[in-house]
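So in UniProt numbering, spot 81 of the sequence shown is number 81, and the numbers just go up one at a time.
Beta carbons are placed, not taken as given, at the ideal position from N, Cα and C, and that holds for glycine.
Quick caveat, the model's predicted, so the values are computed rather than measured.
Take a look at the structure set out below.
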Amino acid sequence: MEITIGELSRRTGVKVPTVRYYEEIGLLQAPPRTEGGQRRYDKAVVERLNFIRHARDLGFEIDDIRELLTMTGTPQASCHAADSIARKHLEEVERRIARLLALKAELTRMVNECGHGRVCDCRVIEVLANHALCVGEHRDDPA
1 MEITIGELSR RTGVKVPTVR YYEEIGLLQA PPRTEGGQRR YDKAVVERLN FIRHARDLGF
61 EIDDIRELLT MTGTPQASCH AADSIARKHL EEVERRIARL LALKAELTRM VNECGHGRVC
121 DCRVIEVLAN HALCVGEHRD DPA
């Protein structure tokens, strides 16, 4: 089976520019080309790209995906490193969830305290103008 980049995109749900980007950064090997210069992909590339897309959907970083893909080349090896990558990612997801829950609580409090009157009396505007009025810490990590 040899398919075009457009067909690869349709089968995997990954946009054509993203496929090219993954080739550029080495997540996908550069495919063979026809005499006319068109890329041709086989079933293994479809499977690899599905792996990459699924990992991205779960929020894994490119470097982690690269490492996980490398591990698939030695199927009998220990999965300790893969588990470690997934645990690290899970911890980050849990931190993000905690930040989002704090954000939700603060926004809920702001909305509930708003008297729905004039802007000059609006609690939402007041709290946004003065971070000290916030109850909890909800800021993202400083840039």
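For Arg39, the three-state DSSP class (helix, strand or coil):
Taking the sequence shown and counting its residues from 1, the one referred to as residue 39 is at position 39. Of the three classes helix, strand and coil, the one that applies to Arg39 here is strand, per DSSP.
Rounded to a whole number of angstroms, what is the C-alpha to C-alpha distance between Val16 and Glu106?
In the sequence shown, the residue the question calls residue 16 occupies position 16. In the sequence shown, the residue the question calls residue 106 occupies position 106. Looking at the two C-alpha atoms, the distance is approximately 40 Å.
Identify every residue that forms a DSSP beta bridge with Ile3.
Taking the sequence shown and counting its residues from 1, the one referred to as residue 3 is at position 3. Paired residues: Tyr41.
I'd like to know whether the C-beta atoms of Leu49 and Thr108 end up nearer to each other than 7 Å.
As a working mapping, residue 49 is identified with position 49 in the sequence shown. As a working mapping, residue 108 is identified with position 108 in the sequence shown. For the pair Leu49 and Thr108, the CB atoms are not nearer than the 7 Å cut-off.
Coarse secondary structure for residue 157, derived from DSSP in three states:
The requested residue 157 is not part of the displayed model; the chain covers only 1 to 143.
Which value, in whole angstroms, describes the spacing of the CA atoms of Glu24 and Ile52?
Taking the first residue of the sequence shown as 1, we reach residue 24 at position 24. Taking the first residue of the sequence shown as 1, we reach residue 52 at position 52. Their backbone Cα atoms lie some 14 Å apart in a straight line.
In angstroms, rounded to a whole number, what distance separates the CA positions of Glu94 and Lys88?
Residue numbering aside, residue 94 sits at position 94 when the sequence shown is read from its first letter. Residue numbering aside, residue 88 sits at position 88 when the sequence shown is read from its first letter. The straight-line gap from Cα to Cα measures roughly 10 Å.
Between Leu27 and Arg66, which are expected to be in contact by the criterion C-beta below 8 Å, what is the C-beta distance as a whole number of angstroms?
Taking the first residue of the sequence shown as position 1, residue 27 is located at position 27. Taking the first residue of the sequence shown as position 1, residue 66 is located at position 66. Yes, they are in contact, since the Cβ atoms of Leu27 and Arg66 sit about 6 Å apart, within 8 Å.
Start and end of the alpha helix (DSSP H) containing Ala105?
Working through the sequence shown from its first residue, we reach residue 105 at position 105. 80-113 is the extent of the alpha helix (DSSP H) around Ala105.
Residue of Thr18, Lys104, Thr4 minimising C-alpha distance to Lys43:
Reading the sequence shown from its first residue, position 43 is the one you call residue 43. For Lys43, the nearest C-alpha among the options comes from Thr4.
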